[in-house]
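K.L.:
Counting from 1, position 118 in the sequence shown corresponds to residue 117 in numbering that gives the first Met the number 0; the numbering is continuous, with no gaps.
Even for Gly, the Cβ is constructed at its ideal location relative to N, Cα and C.
The structure is given below, and queries will be raised subsequently.
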Amino acid sequence: MARDLARRAALLGVVAALGLLPRWIDNRAILTWAFLVLLYAALAQSWNLLGGFGGQVNLGHAAFFGLGALVTRMLWLGGRPLGAALLLGAAAATGMGVVVGIPSLRLRGPYLAIGTLAVAEILRITVGNALPDVSSLPAASLATYALVPRYYLALLLAALVTAAAWW
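Shown next as structure tokens:
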């Protein structure tokens, strides 16, 4: 009991320190790095739910992450507010996850790994052929890029996914 309480207190301390990071550090490169670390931490925790707790190896996990990012990017550049674009991107990734996930529930072990890898490759090739210039944001969009709010959004996402995995 005391050990669990100490772990929770330490985790809350880390989250609090990460919350104060933009106030302590005014270096854009470090904040960008921290943003990416938080984003990948959220992705890793979401994979942990399936691979760590479920014991299943899903090699196509990043495809859903990428699909959500692609839909968010296209909607945001199309003039939608970032919050709405994020929600719609998450909904698109969730929808694709359900479409792929329901038939994948019948697969186990290496068959699941190969099947999900195939889905990821199909999505990568399809997007690469249909939208060859989506590998980055246009430079004009970067002028309006506010890093600190996006850092806090990534921190919130990482905290929520970690809490879901821990719960």
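#1: For the alpha helix (DSSP H) holding Arg-2, just list the boundary residues, first then last.
#2: Looking at Gly-114 and Phe-63, is the spacing between their C-beta atoms short of 7 Å?
#3: Measure the alpha-carbon distance for Leu-10 versus Ala-41 and round it to whole angstroms.
#4: Measure the Cβ-Cβ separation of Leu-154 and Leu-76 and say whether it is below 7 Å.
#5: With DSSP as the reference, label Gln-44 as helix, strand or coil.
#6: In chain order, what residues of the same chain lie with their CB nearer than 8 Å to the CB of Thr-31, ignoring the 5 residues before and after it?
#7: Can the beta-carbon of Val-99 be found less than 7 Å from the beta-carbon of Val-70?
#8: Give every residue of the same chain whose Cβ lies closer than 7 Å to the Cβ of Arg-149, excluding the five residues on either side of it in the sequence, and list them in chain order.
#9: Please confirm whether Asn-57 and Ala-164 have their CB atoms less than 7 Å apart.
#10: Might you give, ordered along the chain, the residues of its own chain that have their beta carbon closer than 7 Å to the beta carbon of Leu-85, omitting 5 neighbours on each side?
#11: Going by Cα to Cα distance, which pick from Asp-132, Ala-129, Ser-45 is closest to Leu-61?
P.N.:
Inspection of the coordinates gives the following:
#1: 1–23
#2: The answer is no: Cβ separation not under 7 Å.
#3: 15 Å
#4: no
#5: helix
#6: Hits under 8 Å: Leu-146.
#7: no
#8: Phe-34
#9: no
#10: Thr-71
#11: The sequence shown places Ala at residue 61, not Leu. Comparing C-alpha distances from Ala-61 to each of Asp-132, Ala-129, Ser-45 shows the shortest one belongs to Ser-45.
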